[in-house]
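Engineer: Position 104, counted from 1, in the sequence shown is what the working numbering calls 107; the numbers after and before it change by one each time, with no gaps.
By construction, the Cβ of each residue, glycine as well, lies at the ideal position given by its N, Cα and C atoms.
Please find one structure pasted underneath; my questions will follow.
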Amino acid sequence: QVQLVESGGGLVQAGGSLRLSCAASGIIFSINAMGWYRQAPGKQRELVAGITSGGNTNYADSVKGRFTISRDNAKNTVYLQMNSLKPEDTALYYCKTQRSGLGYWGQGTQVTVSS
4 QVQLVESGGG LVQAGGSLRL SCAASGIIFS INAMGWYRQA PGKQRELVAG
54 ITSGGNTNYA DSVKGRFTIS RDNAKNTVYL QMNSLKPEDT ALYYCKTQRS
104 GLGYWGQGTQ VTVSS
């Protein structure tokens, strides 16, 4: 059974930083691409950052230069370092992966940035 458990969200002032973690189980983590998504109230869920099994990364334009995705295969964990946070980064942040063609999501962790 695939499980993704996010942590690290919270309330932070604009300009601050947070580091999100997503611990995965039930997959061969080292060969799986991982992604971070977010969904703000009244908006569609959007891709924030992705990382392949080989460590290649991609980012939404809105977070380039501020967010960094990384992975630790020994810990089966993917991270999202978020710096220079803005109020518009406020959202529920989800971790996602795939196995056998099916997508799996974590329960999400709330990030709230106050102005």
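Name the residue from 45, 37, 28 whose alpha carbon lies nearest to the alpha carbon of residue 91.
Structural biologist: Residue 45 is the option with its Cα nearest to residue 91.
Engineer: For a test of your reading of the model: does the CB of residue 14 fall under 6 Å from any non-hydrogen atom of the ligand FAD? Yes or no.
Structural biologist: Absence of the ligand FAD is noted for the structure shown, with no ligands found whatsoever.
Engineer: Please list, in chain order, all residues of the same chain as residue 103 whose beta carbon is under 6 Å from its beta carbon, the five residues on each side excluded.
Structural biologist: Answer for residue 103: no residue qualifies.
Engineer: If the criterion is Cβ atoms closer than 7 Å, does the pair residue 38 and residue 78 meet it?
Structural biologist: Result no, Cβ atoms of residue 38 and residue 78 do not sit closer than 7 Å.
Engineer: If you measure between the beta carbons of residue 109 and residue 14, is that distance less than 7 Å?
Structural biologist: In this structure, residue 14 does not lie closer than 7 Å to residue 109 by Cβ.
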